[in-house]
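Residue numbering for the sequence shown follows the working numbering, starting at 135 and increasing by one per position. All C-beta atoms, glycine included, are put in the ideal place defined by N, C-alpha and C. These numbers were taken from a predicted model, which means no experiment stands behind them.
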Amino acid sequence: MASDNTAKKHILIVEDESQISRFLQLELEHENYATTTCADGRAALDLALAKDFDLIILDVMLPSLNGIEVLRRLRQTKQTPVIILTARDQVVDKVTGLDIGADDYMTKPFAIEELLARIRLHTKNRTAGSTLRCGKLSIDSDARVAAYDGHAVDLTKKEFDLLEYLMKNRNIVVGREKLLDAVWGFDFYGSTNVVDVYVRYLRSKIDDVYGVTVIETVRGAGYVIR
Ligand code: CA
Numbered sequence: 135m136a137s138d139n140t141a142k143k144h145i146l147i148v149e150d151e152s153q154i155s156r157f158l159q160l161e162l163e164h165e166n167y168a169t170t171t172c173a174d175g176r177a178a179l180d181l182a183l184a185k186d187f188d189l190i191i192l193d194v195m196l197p198s199l200n201g202i203e204v205l206r207r208l209r210q211t212k213q214t215p216v217i218i219l220t221a222r223d224q225v226v227d228k229v230t231g232l233d234i235g236a237d238d239y240m241t242k243p244f245a246i247e248e249l250l251a252r253i254r255l256h257t258k259n260r261t262a263g264s265t266l267r268c269g270k271l272s273i274d275s276d277a278r279v280a281a282y283d284g285h286a287v288d289l290t291k292k293e294f295d296l297l298e299y300l301m302k303n304r305n306i307v308v309g310r311e312k313l314l315d316a317v318w319g320f321d322f323y324g325s326t327n328v329v330d331v332y333v334r335y336l337r338s339k340i341d342d343v344y345g346v347t348v349i350e351t352v353r354g355a356g357y358v359i360r
């Protein structure tokens, strides 16, 4: 089975709901990942300790050992990237998971494209070319994902484009007209207020969440990331 798997990234799927597990396996193999599935917490921990997976997708509610405990014990010795899957109402698990070293989390039900983007983010062999960094903020132009302090930030296409443009022009104050042209295109019919609206969206997803100021407003001039 492992014949041509050496070059593929290997993902451990820990999920006891067989339909979700099967769905993830099919999607990931379609994306050319090698997969191993496991439906039991204790068995998953043994597997994760015995083998070097490129990433682990970890459900929280599991037989024999829950996902939080699996992660806690795994982190005593290994730093394998882990994306936790939580049910919609398990906010406590989400917070606990990040506290004890999960790299990311997704709430079920999830969009597979978003999960795939996060997997790309956390399994990527980092190349200098596609990743832009500014302090704890990083964006990957190839995978089109943004992260703050290692945690993925969900951005719409326009939000990402705007953030990317500002990061590429780091330390340069960019005017609203310029941003409108660069991100929305010359044929955009509307007011430059849309730029302010999208800057607000970005701030609500980054600044407000992490208590930082990523995008500065320069009065009468525009915006800048330093
Ligand atoms: Ca479960």
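Check, Outcome
"Closer than 7 Å: Ala196 CB and nearest ligand 1 heavy atom", "The question names Ala, but residue 196 in the sequence shown is Leu. For ligand 1, at least one heavy atom lies less than 7 Å from the Cβ of Leu196."
"Pair within 8 Å by beta-carbon distance, Val317 and Val358", "no"
"Closer than 8 Å to chain B by CB, Gly319", "The structure shown contains no chain B; it holds only a single protein chain."
"Rounded Cβ spacing between Leu179 and Val204 (contact assumed at less than 8 Å)", "5 Å"
"The segment 155-174 / the segment 208-217 touching (three or more Cβ pairs under 8 Å)", "no"
"Asp186 Cβ short of 7 Å to ligand 1 heavy atom set", "no"
"contact_flag[the segment 329-338, the segment 300-314] where n(CB pairs < 8 Å) is 3 or more", "yes"
"Beta-ladder partner(s) of Thr274, from DSSP", "The sequence shown places Asp at residue 274, not Thr. Bridge partners of Asp274: Thr265, Val279."
"Range of the contiguous alpha helix (DSSP H) that encloses Asp342", "341-344"
"Range of the contiguous alpha helix (DSSP H) that encloses Lys302", "291-302"
"8 Å contact criterion, which Val348 and Asp342 should meet: CB distance rounded", "Rounded, the Cβ-Cβ distance is 10 Å, inconsistent with contact."
"Ligand 1 heavy atom lying under 7 Å from the CB of Asp237", "no"
"C-beta contact flag for Leu219 and Glu163 at 8 Å", "no"
"Cβ-heavy atom distance, Asp193 to ligand 1, below 7 Å", "yes"
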